[in-house]
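**Student:**
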Amino acid sequence: MKTDLTRRQFLKMTGTGLAIAVAATGSGFLLVSAAELEKAGPGFRPSVWLEVRPDDLVIVTVSKSEMGQGIYTSLPMIVADELDADWKNVRMEAAPAGDAYKDPVWNTQATGGSSSIRHMYEPLRKAGAAAREMLLLAAAREWGVPLEECAVASGTVKHIKSGHSLTYGRLTQEAAKLVVPQNPVLKKENQFRYIGKDIPRLDIQEKVNGTARFGIDTFAPGMVYAAIARPPAYGAVLAGADNEAAQKVAGVRHIVPVSGGIAVCGDTIDAAWKGREALHASWKDARDPLLSTASLEKEFIDQLGSPGILARNDGDVKTALSQASRKVEALYQMPFLAHATMEPMNCTAHIRSDACDIWVPTQNQSGVLAMAEKLTKLKPEQIHVHTTFLGGGFGRRYERDFVEETILLSQATGKPVKLVWSREEDIQNDYFRPMNASRIEACLDADGGVMAWSHKIVCPSIFARVFPDAMKKGIDNAAVEGLENMEYDIPNVSVEYVRHDTPVPVGFWRSVGSSHNAFVVESFVDELAHAAKKDPLAFRLGLLKKHPRAQRVLEVAAEKSGWNTPPARGQARGIAYCLSFGSYVAQVAEVSVDRGTGTVAVHKVTCAVDCGPVVNPAIVSAQMMGAVIMGLSAAMREKIEIANGGVQSRNFADYELLRMSDAPDVEVHIVKGNDALGGIGEPGLPPLAPAVANAVFAATGARVRRLPMRPETVLEALKPV
Amino acid sequence: MIRLDINGKGYTVDVAPDVPLLWVIRERLQLTGTKFGCGIGTCGSCTVHIDGQAQRSCQTAVGSVQGKKITTIEGLPENHPLKKAWVQEQVPQCGYCQPGQIMQAAALLANDPHPSDAKIIEHMNGNLCRCGTYPKIKSAIRLASTGGKK
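Protein chains in written order, with the working numbering: chain A, 1 to 721; chain B, 1001 to 1150.
Have a look at this one:
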């Protein structure tokens, strides 16, 4: 069964050209052509598919989801480079869901953790290089000349002496019969023709002219639209609904009870939505009707008094603190945050007795497939998952709640169902970035050296729900990332994790734990620098002598921002850095603060990034810029309000995102490095909030320890202690 | 029956007059470049032109636009300076909000071919982008307003 999909994918390709699949094995990668499939054996599960067609087109099957990070361009670039393909002939195809398209490291088909390039770089390069060698050999044989006399250039093989040349397409048939080299020679950096260059994205044209197909743009013949009435509080159940009134709405076809609510299905989206309104659903039995932002914040502070689990324990923090002459203590707090992807959650599914189709903007194809298997009892090969463009992901589309609902509704109605959440549903039924609180106690010696850092964080667990097997000793790695691996050279460090789950569900939110922990660590390091009467940059550099990459991004961000020159009148600068997902990012924010109103204006952010080898610098810069602005939105504005046992925030009117008027200039500098590849989608976000908070401190002397930094919070911080 | 003029083409749609124009454009007529984002006019993803003015189609009853000229992203010429500038500046990331951004910007340039930065921000501030492409949107509008020269 496992090979069926592999066989089918090859069949789709054989006879048409040269097809190569690459699978991760325990001892490296196995490269197989269609002709060699029998060799591969039943356990062959490829992660990479490359096809060179007789018409010269090069098709790269991309098993990662495009949610803005440019992966539909950068993955094909890697293959095209090693293949020496003509870029204008390179196309990508979105992979279906199945065992033949899994991530080679994770053994699951999913997009997240800023891992796509990191995981796919090597097998993609090998696929391209192997195909290049096969095409070369096919040409040499065709001409009856020594291999050394042939060379590839932009989709053709040339015989240098005679001037003969053949395009790749002309050679595919013969090349396909050759043995696939298992260790093709990979290029050296100076031989790259696409990698390292600002190649325009393959998806821009369709995203500009409106033809790009997102999940919400799916239409299935005979489909009905679904709208779900949902309880306003966690745990609440339906008390009553006027089904008759809903049935009377023109176009309403079905009313279906669903877990946690009631669904109305209709011929049109407006019929379904009007039908939902007509239900006038009422609810009862909220789990905790008194649950509110204030009650939760108090809980988190109270929990700081509870013992936690040690996630890190270097040296002897207790003794160091007890002997300290100068202690610094602080408490930091952050709210729940919504993902608020511009495309609300949606899915279209058509479940039949012998097959099903699911069209979905998802980061989690394997999860969708498993969900469909469970609910439909169909075999994997009967389930067709069509990944569309994602109108934003940020971790939200790793979840499958909206997929489950759509499958169940298609089963209940016997029709294709398109489910589109309203913005209110999207905000109120999110898996939020966790609310959290941290208390840190540190001490300095007489020279301003940091002797001890004792950190306790109270945070709900994401892993306990999503990856329970990955919980180690009760520790959620997401909650302590950036803490348990904090790089500052301090002899005594302890990190304690207090898991505190609440009725509010939590999930992965762009840069996950690093997004909140960097705010705490980098703000507090600034507090220590101030206590030690040292420049925040020099103070950091002094504690990072063992981490030259960290030092380098800090130095570059500082230099490019003019750190050592006076800021413009009325402005001040703050600096912060973070290592996350394998990449180092430092940022300097230039702000001004209106002391009367508490309003913070961020004028410019200078960003330095070291992500190791760079595939597409323009895409790296774009991801940094986007992460800075999303990070600023979170830092300055965003906060989910909880009231009466549920989410009170509803839409962009009360869950405000950053707008153009508040978007700073962002300058990105890529620091060239030859270390391991780092991620790019997430690492630009964590340093932003502390860079801004540190700049606010530099401007005013007021330390903001709560997010978001709305004017009232800044005014509070400005009050004399 | 509601009669609509969209991108110079006539459509007759059997729909109640109070239905949002957005649902008619994208779900009935399948001109899906116009996006649904918030349903309350706060994000701009659904922006279209009605008689040349940028309007939120989620806040526009379909019955109110009979006899008016409606333009969607599909109706903006492929060689429109903004479309070219958007490609040149590589503005989109996820791309979902971009048709609305472009339609909003197109209405600005139609009335003011050389807007100041302050005018650009004022005009564009109702359009949200979660990917954070604002700096590139600004530079693309500037590029289009200078005839493609930086």
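Positions of the beta carbon are idealized from the N, C-alpha and C atoms, including for glycine.
Fully enclosed by the segment 413-496 of chain A, which beta strand (DSSP E) runs are 3 residues long or longer?
**Tutor:** Counting only runs of 3 or more, we get 417-420, 436-444, 450-459.
**Student:** In the DSSP assignment, find the alpha helix (DSSP H) that holds residue 123 (chain A) and state where it starts and stops.
**Tutor:** It spans 116-143 - the alpha helix (DSSP H) in which residue 123 (chain A) sits, taken as one unbroken run.
**Student:** Quick one, which of A:252, A:501, A:529, A:153 has its alpha-carbon nearest residue 458 (chain A)'s?
**Tutor:** Comparing Cα-Cα distances from residue 458 (chain A) to each of A:252, A:501, A:529, A:153, the minimum goes to A:501.
**Student:** Short of 8 Å in beta carbon distance, which residues of its chain neighbour residue 635 (chain A), apart from the five on each side in sequence? Order them along the chain.
**Tutor:** 519, 688, 689, 692, 693, 707, 708, 709.
**Student:** Using three-state DSSP, classify residue 1108 (chain B) as helix, strand or coil.
**Tutor:** Note: residue 1108 (chain B) maps to helix in three-state DSSP.
**Student:** Residues in the same chain with beta-carbon distance under 8 Å from residue 404 (chain A), minus the five sequence neighbours each way, listed in chain order, please.
**Tutor:** Taken in chain order, the residues that qualify are 371, 375.
**Student:** Output the distance between the C-alpha atoms of residue 235 (chain A) and residue 111 (chain A), rounded to the nearest integer angstrom.
**Tutor:** Those two C-alpha atoms are separated by around 31 Å.
**Student:** Consider the Cβ of residue 214 (chain A): report whether some Cβ of chain B lies at a distance smaller than 8 Å.
**Tutor:** By this cut-off, residue 214 (chain A) is an interface position.
**Student:** Leaving out five residues before and five after residue 1009 (chain B) in sequence, what residues of the same chain have Cβ atoms less than 8 Å from its Cβ?
**Tutor:** There are no such residues.
**Student:** Given a threshold of 16 other Cβ atoms within 10 Å of its Cβ, counted over all protein chains shown, does residue 1049 (chain B) qualify as buried or as exposed?
**Tutor:** Result: buried.
**Student:** Taking the C-alpha atoms as reference points, what is the distance between residue 156 (chain A) and residue 167 (chain A)?
**Tutor:** Using only the alpha carbons, I get a separation of about 4 Å.
**Student:** From residue 1 (chain A) to residue 467 (chain A), what distance separates their C-alpha atoms?
**Tutor:** Residue placement at residue 1 (chain A) is flagged as unreliable, the pLDDT there being 37, under the threshold of 50; the coordinate-derived value follows with that caveat. Their backbone Cα atoms lie some 26 Å apart in a straight line.
**Student:** DSSP state of residue 328 (chain A), grouped into three classes?
**Tutor:** Correct three-state label for residue 328 (chain A): strand.
**Student:** Spatial neighbours of residue 237 (chain A) within its chain, please: CB distance less than 8 Å, with the 5 preceding and 5 following residues excluded, ordered by chain position.
**Tutor:** The answer, listed in chain order, is 231, 260, 283, 284, 285.
**Student:** Do you know whose CA, among A:356, A:291, A:569, A:443, lies nearest residue 643 (chain A)'s CA?
**Tutor:** The candidate whose alpha carbon is nearest that of residue 643 (chain A) is A:291.
**Student:** Note down, in chain order, every chain A residue with its Cβ under 7 Å from the Cβ of residue 1134 (chain B).
**Tutor:** Here the neighbours are 629, 660, 663.
**Student:** In the DSSP assignment, find the alpha helix (DSSP H) that holds residue 554 (chain A) and state where it starts and stops.
**Tutor:** Looking at the DSSP string, the run of the alpha helix (DSSP H) that includes residue 554 (chain A) is 548-561.
**Student:** Can you tell me whether residue 669 (chain A) is helix, strand or coil according to DSSP?
**Tutor:** Three-state result, residue 669 (chain A): strand.
**Student:** Are residue 511 (chain A) and residue 682 (chain A) touching if we call contact CB-CB under 8 Å?
**Tutor:** In contact: residue 511 (chain A) and residue 682 (chain A) (Cβ atoms closer than 8 Å).
**Student:** Decide if residue 55 (chain A) is buried, meaning its Cβ has at least 16 other Cβ atoms within 10 Å, or exposed.
**Tutor:** Label assigned to residue 55 (chain A): exposed.
**Student:** Select from the segment 338-364 of chain A all residues with a C-beta closer than 8 Å to any C-beta belonging to chain B, and list them in chain order.
**Tutor:** Per Cβ criterion, the list reads 340, 341, 342, 343, 344.
**Student:** How should residue 18 (chain A) be labelled, buried or exposed, when 16 other C-beta atoms within 10 angstroms of its C-beta is the threshold for buried?
**Tutor:** Under this definition residue 18 (chain A) is a buried residue.
**Student:** Suppose the cutoff is 7 Å on Cβ atoms and the five residues either side in sequence are ignored; what does the same chain contact list for residue 94 (chain A) look like?
**Tutor:** Around residue 94 (chain A): 62, 387.
**Student:** Tell me, which residues are paired with residue 694 (chain A) by DSSP?
**Tutor:** Partner(s): none; residue 694 (chain A) has no beta bridge.
**Student:** Hey, could you find the ends of the beta strand (DSSP E) residue 220 (chain A) is sitting in?
**Tutor:** Neither: residue 220 (chain A) is in no beta strand (DSSP E) and is coded neither H nor E.
**Student:** Between residue 734 (chain A) and residue 549 (chain A), how many whole angstroms is the CB-CB distance? I'm expecting something under 8 Å.
**Tutor:** Outside the shown range of chain A (1 to 721) lies residue 734 (chain A), about which nothing can therefore be said.
**Student:** In this structure, how does DSSP classify residue 191 (chain A) when only helix, strand and coil are distinguished?
**Tutor:** Helix.
**Student:** Expressed to the nearest angstrom, what Euclidean distance is found between the alpha-carbon atoms of residue 1026 (chain B) and residue 1051 (chain B)?
**Tutor:** Distance between the alpha carbons of residue 1026 (chain B) and residue 1051 (chain B) is about 19 Å.
**Student:** For the structure I just gave you, are there three or more beta carbon pairs, one from the segment 74-90 of chain A and one from the segment 40-59 of chain A, closer than 8 Å?
**Tutor:** Because the criterion of three Cβ pairs below 8 Å is met, the segment 74-90 of chain A and the segment 40-59 of chain A touch.
**Student:** Over the uninterrupted alpha helix (DSSP H) stretch that includes residue 295 (chain A), give me the two end residues.
**Tutor:** Its alpha helix (DSSP H) spans residues 293-303.
**Student:** To the nearest angstrom, report how far apart residue 703 (chain A) and residue 697 (chain A) are at their CA atoms.
**Tutor:** Looking at the two C-alpha atoms, the distance is approximately 5 Å.
**Student:** Going by the beta-carbon positions, is the gap between residue 629 (chain A) and residue 1134 (chain B) smaller than 8 Å?
**Tutor:** Contact flag set, yes.
**Student:** Are any of the Cβ atoms in chain A nearer than 8 Å to that of residue 1007 (chain B)?
**Tutor:** It does not: the Cβ of residue 1007 (chain B) has no partner Cβ on chain A nearer than 8 Å.
**Student:** Around the Cβ of residue 254 (chain A), are there at least 16 other Cβ atoms within 10 angstroms (buried) or fewer (exposed)?
**Tutor:** That one is buried.
**Student:** What does residue 1057 (chain B) reach in chain A if we use C-beta pairs closer than 7 Å?
**Tutor:** In chain order: nothing, as chain A lies at least about 13 Å away.
**Student:** Could you spell out the range, first to last residue, of the alpha helix (DSSP H) harbouring residue 73 (chain A)?
**Tutor:** Segment 71-83, the alpha helix (DSSP H) holding residue 73 (chain A).
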